[in-house]
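Under my numbering, the first residue of the sequence shown carries the number 1, and numbering increases by one thereafter. Virtual Cβ for every residue (Gly too), placed ideally from N, Cα, C.
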Amino acid sequence: MTAPPESKGRSGPPLGKMLSLLELLADSNRPMSLADLARAAELPKSTTHRLLHGLLREQLVKRTQHGYSMGSYLFDLLRTTRSMVRRIERLIKPSLTELYDKTHAVVSVGALDGLNVFTLDTVYNHSHLPLIQRLAGFTPGHCTGIGKVLLAYRERSAALLSESTLTSFTPRTLTCPAALHSQFPAIRRAGLAYVDGEFLPGVVELAAPIFDDCGEAVLGIGVTATADRLDPATVASAVRRTAATVTTTLRESQHAAQLRFLLT
Numbered sequence: 001m002t003a004p005p006e007s008k009g010r011s012g013p014p015l016g017k018m019l020s021l022l023e024l025l026a027d028s029n030r031p032m033s034l035a036d037l038a039r040a041a042e043l044p045k046s047t048t049h050r051l052l053h054g055l056l057r058e059q060l061v062k063r064t065q066h067g068y069s070m071g072s073y074l075f076d077l078l079r080t081t082r083s084m085v086r087r088i089e090r091l092i093k094p095s096l097t098e099l100y101d102k103t104h105a106v107v108s109v110g111a112l113d114g115l116n117v118f119t120l121d122t123v124y125n126h127s128h129l130p131l132i133q134r135l136a137g138f139t140p141g142h143c144t145g146i147g148k149v150l151l152a153y154r155e156r157s158a159a160l161l162s163e164s165t166l167t168s169f170t171p172r173t174l175t176c177p178a179a180l181h182s183q184f185p186a187i188r189r190a191g192l193a194y195v196d197g198e199f200l201p202g203v204v205e206l207a208a209p210i211f212d213d214c215g216e217a218v219l220g221i222g223v224t225a226t227a228d229r230l231d232p233a234t235v236a237s238a239v240r241r242t243a244a245t246v247t248t249t250l251r252e253s254q255h256a257a258q259l260r261f262l263l264t
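Here you go:
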């Protein structure tokens, strides 16, 4: 008996196939027909139709006379998320500005995305522009202050580090997961992570965690400057106090729960 030919369609759970269809629609500059989607996703038409029915029900896609296109749900979610982030930024800005006035260093608030840190807000002046250009966007978590302090409080940090390839940026970058993980108890005891030239040569960073209403470290606040312009012993207490103030501010405003929704 001859076995039936294998389908060219992508294997895996329905969610993965649904995401493939959403990616195709997001990349298309026009509505796509059922046949176009099935062909592009390498799925049978019957499977594609069934998946689209589920996506239509959740308003993730919409159907017109010209075919299928992205629905309103993801756009509404993105708009809501951006609005939440802006409200949180406005709420914590005074604390960031006050810390900048005390340290005259780059002050940043960031969160973990896997092993990378993305920055939510930064306070700096024009003299910091060369440094800001290097810190913009995503930065590696294993060799930056905010990254280390958040990883120290993350339950799965050991597994996350061991499953990843850690890039070396300077001779001081730690790329051994066990060596990094061994630093975390001391970071938790101090409530601070200190990084000296591990990401950028001659640049130091001191960071403290910001907790949500369940006690989970969801954000980190850090001060960054060249080594000759930042004395960790002098600014450590200010960084801790600011992190505690922001934690209290978010909890009292009930935005801590929103942070958990956004970042976990």
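- With a cutoff of 8 Å on beta-carbon distance, Arg188 and Tyr153 are scored as near each other.
- Within the stretch 193 to 231, complete beta strand (DSSP E) segments of at least 3 residues are found at 193 to 196, 203 to 211 and 217 to 226, given in chain order.
- Here Leu24 is not near Val109, since their CB atoms are 8 Å or more apart.
- Annotated three-state conformation of Leu120 is strand, per DSSP.
- Comparing C-alpha distances from Ile132 to each of His53, Val106, Leu19 and Ser237 shows the shortest one belongs to Val106.
- Cβ atoms of Thr122 and Glu205 stay farther apart than 8 Å, at about 13 Å.
- Beyond the five residues adjoining it in sequence on each side, Thr48 comes within less than 8 Å, by CB distance, of Leu21, Leu34, Leu37, Ala38 and Ala41 in the same chain, given in chain order.
- Across the set Cys214, Leu19, Thr173 and Lys148, the C-alpha of Lys148 shows the shortest separation from the C-alpha of Pro185.
- Of the residues assessed, His126 falls on the exposed side of the cut-off, its CB having fewer than 16 other CB atoms within 10 angstroms.
- CA-CA distance, Ile92 to Tyr73, rounds to 29 Å.
- In chain order, Asn116 and Phe118 place their CB closer than 6 Å to the CB of Phe138, counting only its own chain and leaving out the 5 sequence neighbours on each side.
- When the five nearest sequence neighbours on each side are left out, the beta carbons in the same chain lying within less than 6 Å of the beta carbon of Asp196 are those of Val204, in order along the chain.
- Secondary structure within the stretch 69 to 117: the beta strand (DSSP E) runs of 3 or more consecutive residues, fully enclosed, are 106 to 113 (chain order).
- Within the same chain, and ignoring the five residues on either side of Arg240 in sequence, the residues whose Cβ sits closer than 7 Å to its Cβ are Gly191, Leu192 and Ala208.
- As the crow flies, the alpha-carbon of Arg229 is around 53 Å from that of Val61.
- In its chain, beyond the 5 residues on either side, Leu151, His181 and Phe184 have a beta carbon closer than 8 Å to the beta carbon of Ser157.
- With 16 or more other Cβ atoms from the protein chains shown falling within 10 Å of its own Cβ, Ser95 counts as buried.
- Between Ala238 and Leu99, the gap from beta carbon to beta carbon is short of 8 Å.
- By the neighbour-count criterion, in which a residue is buried when 16 or more other Cβ atoms sit within 10 angstroms of its Cβ, Ala217 is buried.
- Beta-carbon to beta-carbon, Thr224 and Leu135 are separated by about 7 Å, close enough to satisfy the 8 Å threshold.
- Shown here, Pro185 sits in a helix according to DSSP, grouped into three states.
- The Cβ-Cβ distance between Glu198 and Arg172 falls below 8 Å.
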